[in-house]
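Before any comments, here is the structure.
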Amino acid sequence: MQSRNNLILFILIILVAVATYIALPIDHPDWFKKLVAPHQKGPQALTLRLGLDLQGGTQIQLEPDLPAGQKATDEQLELARAIIERRVNGLGVSESLVQTGKDRIIVALPGVDDPDAAIETLRGTGQLEFVDLGKNPEGLGAGDKINTTNGPAEGATSDKTYPTIMTGDKLKNVDVRRDPNTQKPYIAFELTKEGSEIFGKYSGENIGNYLAIVMDKTILSAPVIRAKITDAGIIEGDFTLEEAQNLAIQMKYGALPVPLNVVDVRTVGPSLGEDSVKRSLLAGTIGVIVVLIFMFAFYHLPGFLADLALLSFVSFNIALYKIIPVVLTLPGIAGLLLTTGTAVDANILIFERMREELRAGRSLPSAIEAGFSRAWTSILDSNLSTILTGIILLYFGSNFGASVVQGFAITLIIGVLVSMFTAVFATRTFMRFIIQYFAESLKGKLSWFSV
Amino acid sequence: MYDIIKHRRWYYIFSTLIIVPGILIMLYSILTIGTPFRLSIDFTGGTMWELRFSQPIAPGDMVEFFHSQGISDANVHTIGDENTLVIRTKQIGPDEKVNLMAAMEKQFGEKPEELQFRAVGPTVGKEVTRTAFIAVIMASLVILGFIIWAFRQVDHPVRYGVSAIVAMIHDVLVASAFFSLMGFIAGWEVDALFLTALLTVIGFSVQDTIVVFDRIRENSRRRKGESFEVIANRSLLETVQRSVATQINAMFVMIALLLFGGVTIRQFIATMFIGMISGTYSSIFIATPLLVSWNNGEGLFGWFHRGKKKQTKKTATA
Chain E
35 MQSRNNLILF
45 ILIILVAVAT
55 YIALPIDHPD
65 WFKKLVAPHQ
75 KGPQALTLRL
85 GLDLQGGTQI
95 QLEPDLPAGQ
105 KATDEQLELA
115 RAIIERRVNG
125 LGVSESLVQT
135 GKDRIIVALP
145 GVDDPDAAIE
155 TLRGTGQLEF
165 VDLGKNPEGL
175 GAGDKINTTN
185 GPAEGATSDK
195 TYPTIMTGDK
205 LKNVDVRRDP
215 NTQKPYIAFE
225 LTKEGSEIFG
235 KYSGENIGNY
245 LAIVMDKTIL
255 SAPVIRAKIT
265 DAGIIEGDFT
275 LEEAQNLAIQ
285 MKYGALPVPL
295 NVVDVRTVGP
305 SLGEDSVKRS
315 LLAGTIGVIV
325 VLIFMFAFYH
335 LPGFLADLAL
345 LSFVSFNIAL
355 YKIIPVVLTL
365 PGIAGLLLTT
375 GTAVDANILI
385 FERMREELRA
395 GRSLPSAIEA
405 GFSRAWTSIL
415 DSNLSTILTG
425 IILLYFGSNF
435 GASVVQGFAI
445 TLIIGVLVSM
455 FTAVFATRTF
465 MRFIIQYFAE
475 SLKGKLSWFS
485 V
Chain R
13 MYDIIKHRRW
23 YYIFSTLIIV
33 PGILIMLYSI
43 LTIGTPFRLS
53 IDFTGGTMWE
63 LRFSQPIAPG
73 DMVEFFHSQG
83 ISDANVHTIG
93 DENTLVIRTK
103 QIGPDEKVNL
113 MAAMEKQFGE
123 KPEELQFRAV
133 GPTVGKEVTR
143 TAFIAVIMAS
153 LVILGFIIWA
163 FRQVDHPVRY
173 GVSAIVAMIH
183 DVLVASAFFS
193 LMGFIAGWEV
203 DALFLTALLT
213 VIGFSVQDTI
223 VVFDRIRENS
233 RRRKGESFEV
243 IANRSLLETV
253 QRSVATQINA
263 MFVMIALLLF
273 GGVTIRQFIA
283 TMFIGMISGT
293 YSSIFIATPL
303 LVSWNNGEGL
313 FGWFHRGKKK
323 QTKKTATA
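Here the protein sequences line up with chains E and R, keeping their order. In our numbering, each number is its position in the first sequence, counted from 1, plus 34. In our numbering, each number is its position in the second sequence, counted from 1, plus 12.
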């Protein structure tokens with residue numbers, strides 16, 4: 035029993051040390067990042083992510099703009115999302131997020147410099163180009179970004195600029211068909227009269243060269259020209275039927291499969307965000323320090339141990355935010371601070387119980403064990419009710435498209451779970467350790483336990 | 013042993029004296045503006061635009077500027093200092109916003125710093141209002157179910173659940189009335205954060221109540237000879253120190269957030285603060301006394317006991 039407690043204490047100390055190390059605002063070595071957060075990649079791994087309200091930025095909700103009674107299909111919405119995501123990536127905003135939810139597309143652009151220009155780019159109709167890659171010496175293919183004579187690309191794969199032969203407005207029709215023999219899907223397209231002239235001349239002179247079909251400067255496909263194409267042609271490739279359909283739709287609609295309307299914009303300037311971070315840090319620090327003093331003044335030795343548990347509570351929470359990762363928002367910080375209250379409440383429940391047992395004349399070790407076991411049902415029941423509320427908030431927040439509500443709910447749930455670990459489990463381990471080694475010297479010093 | 017329970021009628025009266033005026037404020041609000049609170053653009057749709065200039069700008073000038081741009085419903089006031097303006101108006105589209113910004117630069121001789129911009133379409137607002145209602149009702153039902161489940165081994169678990177919910181509604185009404193009042197005094201508007209505050213109050217209110225009920229459950233098992241009233245009172249006294257200590261701690265954190273935490277979450281924290289004080293009060297002075305009143309069949313609760321009284325009479329005569 036005693037050696038077991040020592041082992042638990044040892045593991046606990048290591049866990050707290052690791053959590054504190056993760057929580058520190060430093061650049062952790064790469065091997066460490068891979069070890070504790072293998073699911074995160076890139077320079078953002080294991081950093082504390084701040085929401086729009088803390089670092090500034092824009093969140094936009096786009097809704098299909100269709101006549102009353104009509105609804106966009108899930109496929110259309112998903113395709114529109116993919117196209118928007120490509121445009122967002124073109125903006126070069128790190129940590130941007132594009133997701134669909136409830137018939138809407140939600141775009142988050144944290145830290146974007148010019149939100150208005152960014153919104154303009156997202157809403158614009160995408161540009162389809164047919165680009166001459168020549169013999170394709172650089173081996174470019176789908177997904178690569180290229181500069182064209184029609185305009186430069188952001189973050190282009192190659193420094194070269196390739197000539198644009200024609201743009202998507204000269205397409206008349208695009209279809210997906212299957213080869214009757216091999217059943218392989220291919221794309222058939224028809225050109226306008228003007229398009230036929232341009233394309234006929236180019237393809238006739240460039241048989242064997244690569245032709246890139248480019249959307250918003252990103253190559254969708256780069257087939258080889260097999261024959262002269264005038265009014266109609268086909269594109270073959272190793273497509274699945276779905277890929278071919280997607281490509282066809284993108285070619286056909288220029289960009290978005292449905293027109294989109296901006297229904298919700300939330301922009302926070304960077305200075306307001308910075309101000310919020312400073313203020314919450316100050317408020318949080320003061321709040322926690324006051325609670326630390328209060329616990330020590332009220333409960334003496336156990337209070338001091340609870341303070342240690344509370345400090346590790348903060349470390350564990352921040353470490354978890356970095357590992358999961360959780361995007362920290364202003365209400366999220368409020369959630370964290372409120373759960374420090376929950377953590378302390380668990381300790382108060384235990385210590386009050388302990389006091390009662392000591393006053394009733396129990397010995398110190400048995401009073402401590404009784405305090406923990408008797409308080410446990412109250413702690414569990416009350417925390418479960420808070421977690422239930424948190425889950426409802428989380429569900430409600432996802433329906434809402436409101437990251438503010440979700441941010442609060444997530445830190446609330448994590449905080450309550452962690453609080454049961456630190457306030458109950460960790461504090462008990464500390465207490466048992468103290469009792470084990472200092473039982474003799476603590477005899478008759480019940481004032482140390484605020485009795 | 014001090015008897016808290018004995019004075020329960022006074023607590024009922026006290027709470028009534030708080031809640032009835034609160035409801036009247038909300039009714040008055042419904043009569044004047046159509047809703048119990050001032051609703052933010054999250055619910056109604058519209059634009060909130062916070063701009064900081066390098067020099068003081070009179071709100072009237074800004075209203076006039078918007079008027080000249082064909083927007084007649086702009087409502088402008090300063091926030092923090094005289095350089096920072098908050099403009100509220102109908103939903104402004106992205107293109108319209110770019111034009112407004114350019115015109116503003118011309119009119120006022122500088123491009124203001126954009127602190128915040130929020131534009132919500134009317135359909136989004138409607139949807140938010142609906143989900144908000146569902147969320148609060150769902151939270152209440154789930155918690156009611158949870159309490160009935162958690163106290164399933166006690167006699168009359170439904171009484172515990174219902175008493176906890178009554179205390180919870182008490183706290184929601186207090187927090188809502190406070191917010192409605194602040195709407196008249198300081199122009200506070202209900203937004204997504206207010207709902208979050210309300211749901212948190214619900215969570216913590218029930219948490220406080222459960223701690224007391226838990227003690228009642230334990231004491232009823234250990235002290236079979238005592239009357240329910242004595243057990244309830246004993247449980248209250250045994251947990252009151254915890255309730256107060258916890259409340260003081262939570263207050264410290266929230267006061268720190270109120271004083272230093274920034275304007276953006278001030279209404280959120282203040283609502284939570286009022287709600288949590290009410291939560292601690294109601295767990296001691298409402299939830300548990302209600303349980304006793306119900307058990308004794310007092311006043312309205314007599315209705316629940318009419319079947320039983322008849323039964324006992326019958327068995328007595330038989």
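Beta carbons: idealized from backbone N, C-alpha and C, even for Gly. Since we're looking at a predicted model, the values are computed, not measured.
Residue i Cβ short of 7 Å to the ligand MG heavy atom set
| i | result |
| --- | --- |
| H317 (chain R) | This structure lacks the ligand MG, and indeed carries no ligand of any kind. |
Segment limits, alpha helix (DSSP H) that includes residue i
| i | result |
| --- | --- |
| W65 (chain E) | 64-70 |
| F191 (chain R) | 169-198 |
| P33 (chain R) | 20-45 |
| L207 (chain R) | 204-234 |
| T319 (chain E) | 304-357 |
| R278 (chain R) | 278-294 |
Cβ-Cβ separation, residue j to residue i (assumed contact under 8 Å), whole Å
| i | j | result |
| --- | --- | --- |
| A86 (chain R) | G321 (chain E) | Going by Cβ atoms, the distance from A86 (chain R) to G321 (chain E) rounds to 39 Å, so no, they are not a contact pair. |
| I31 (chain R) | V186 (chain R) | 7 Å |
| I281 (chain R) | M266 (chain R) | 6 Å |
| V50 (chain E) | S453 (chain E) | The Cβ separation is near 15 Å, so there is no contact. |
| K123 (chain R) | E117 (chain R) | 5 Å |
| I104 (chain R) | T143 (chain R) | Not confirmed; about 24 Å, so no contact. |
| E126 (chain R) | T92 (chain E) | That belief does not hold up - the Cβ atoms of E126 (chain R) and T92 (chain E) are roughly 10 Å apart, past 8 Å. |
| F350 (chain E) | T445 (chain E) | That belief does not hold up - the Cβ atoms of F350 (chain E) and T445 (chain E) are roughly 12 Å apart, past 8 Å. |
| S128 (chain E) | A142 (chain E) | Between A142 (chain E) and S128 (chain E) the Cβ distance is about 12 Å, and since that is not below 8 Å, they are no contact. |
| F55 (chain R) | G137 (chain R) | 5 Å |
| T461 (chain E) | A340 (chain E) | 6 Å |
Other residues of its chain near residue i: CB distance less than 8 Å, five sequence neighbours each side excluded
| i | result |
| --- | --- |
| A256 (chain E) | L167, N170, L174, G175, A176, Y244, L245, A246, I247 |
| H79 (chain R) | A86 |
| A328 (chain R) | In this prediction, A328 (chain R) has a pLDDT of 40, which is less than 50 and means its spatial position is unreliable; what the coordinates show is noted afterwards. Result list for A328 (chain R): empty, nothing under 8 Å. |
| K322 (chain R) | Residue placement at K322 (chain R) cannot be trusted, given a pLDDT of 48 that sits under 50; what the coordinates show is reported in the next sentence. Here the set comprises nothing. |
| F26 (chain R) | F297 |
| K326 (chain R) | A caution first: K326 (chain R) carries a pLDDT of 42, below 50, which makes its placement in the model too unreliable to give a value. |
| G157 (chain R) | G173 |
| V224 (chain R) | S247, L248, T251, S255, S295, I296, A299, T300 |
| N39 (chain E) | T463, R466, F467, Q470 |
Residue span of the beta strand (DSSP E) that contains residue i, given as start and end
| i | result |
| --- | --- |
| K220 (chain E) | Reading off the sequence, residue 220 (chain E) comes out as Tyr, not Lys. Note, Y220 (chain E): beta strand (DSSP E), 219-225. |
| W306 (chain R) | Taken as a continuous stretch (DSSP letters only), W306 (chain R) belongs to no beta strand (DSSP E), being part of the alpha helix (DSSP H) at 300-308. |
| R212 (chain E) | 205-212 |
| Q133 (chain E) | 131-135 |
| W482 (chain E) | Taken as a continuous stretch (DSSP letters only), W482 (chain E) belongs to no beta strand (DSSP E), as it is neither H nor E. |
| Y244 (chain E) | 244-249 |
Cβ neighbours of residue i in the same chain (closer than 7 Å, five flanking residues each side left out)
| i | result |
| --- | --- |
| A30 (chain E) | Because chain E is modelled from 35 through 485, residue 30 (chain E) falls outside the range shown and cannot be assessed. |
| F216 (chain R) | M288, G291 |
| L51 (chain R) | E201, V202 |
| F129 (chain R) | W61 |
| T226 (chain E) | K204, K206 |
| A114 (chain E) | I139, L290, P291, V292, L294 |
Neighbourhood of residue i by C-beta, 6 Å cutoff - its chain only, sequence neighbours within 5 removed
| i | result |
| --- | --- |
| A106 (chain E) | P98, V292 |
| T221 (chain R) | A176, A179, S295, A299 |
| P359 (chain E) | R83 |
| T324 (chain R) | Bear in mind that a pLDDT of 44 at T324 (chain R), under 50, signals an unreliable position, so the number given afterwards is only what the model happens to contain. Taken in chain order, the list of residues that qualify is empty. |
| V304 (chain R) | I17, E241, A244 |
Beta carbons nearer than 9 Å to chain R: which residues of the segment 456-474 of chain E have them?
Interface annotation for the segment 456-474 of chain E against chain R: empty, criterion Cβ-Cβ distance under 9 Å.
Counting pairs of Cβ atoms below 8 Å between the segment 299-317 of chain R and the segment 160-175 of chain R, do you hit three or more?
These segments touch.
Mind the definition here: the segment 52-62 of chain E touches the segment 259-276 of chain E only if three or more C-beta pairs lie below 8 Å; say whether that holds.
No, the segment 52-62 of chain E is not in contact with the segment 259-276 of chain E.
Mind checking the segment 308-329 of chain E against chain R and listing, in chain order, the residues whose C-beta falls within less than 7 Å of any C-beta there?
Hits within the stretch, in order: D309, S310, R313, S314, L316, A317, I320, G321, V324, V325, F328.
For the structure I just gave you, are there three or more beta carbon pairs, one from the segment 188-204 of chain R and one from the segment 32-39 of chain R, closer than 8 Å?
Yes, the segment 188-204 of chain R is in contact with the segment 32-39 of chain R.
With 8 Å as the C-beta to C-beta threshold (strictly closer), list the residues of the segment 181-212 of chain R near chain E in chain order.
Residues of the segment 181-212 of chain R whose Cβ lies closer than 8 Å to any Cβ of chain E, in chain order: A204, L205, L207, T208, L211, T212.
Using a Cβ-Cβ cutoff of 8 Å, what residues of the segment 115-135 of chain R are near chain E? List them in chain order.
Per Cβ criterion, the list reads E125, E126, L127, Q128, F129, R130, A131, V132, G133, T135.
Does the segment 92-99 of chain R touch the segment 140-154 of chain R, meaning 3 or more C-beta pairs lie closer than 8 Å?
Result no; under three Cβ-Cβ pairs closer than 8 Å.
Below 8 Å, can you find three or more Cβ-Cβ pairs linking the segment 231-249 of chain R to the segment 370-381 of chain E?
No, the segment 231-249 of chain R does not touch the segment 370-381 of chain E.
Chain R contacts made by the segment 398-422 of chain E, where a contact means CB separation under 8 Å
Residues of the segment 398-422 of chain E with a Cβ closer than 8 Å to any Cβ of chain R, in chain order: R408, T411, S412, D415, S416, N417, L418, S419, T420, L422.
Short-range partners of chain R found in the segment 53-84 of chain E, where Cβ spacing is below 7 Å
Along the segment 53-84 of chain E, there is no position whose C-beta sits under 7 Å from a C-beta of chain R.
Taking a Cβ distance cut-off of 7 Å, strictly less, list which residues of the segment 217-228 of chain R are near chain E, in chain order.
Cβ contacts with chain E come from V218, Q219, I222, V223, D226.
Members of the segment 155-182 of chain E that neighbour chain R once the beta carbon cut-off is set at 8 Å:
With the criterion set as a beta carbon lying under 8 Å from some beta carbon of chain R, the members of the segment 155-182 of chain E are R157, in sequence order.
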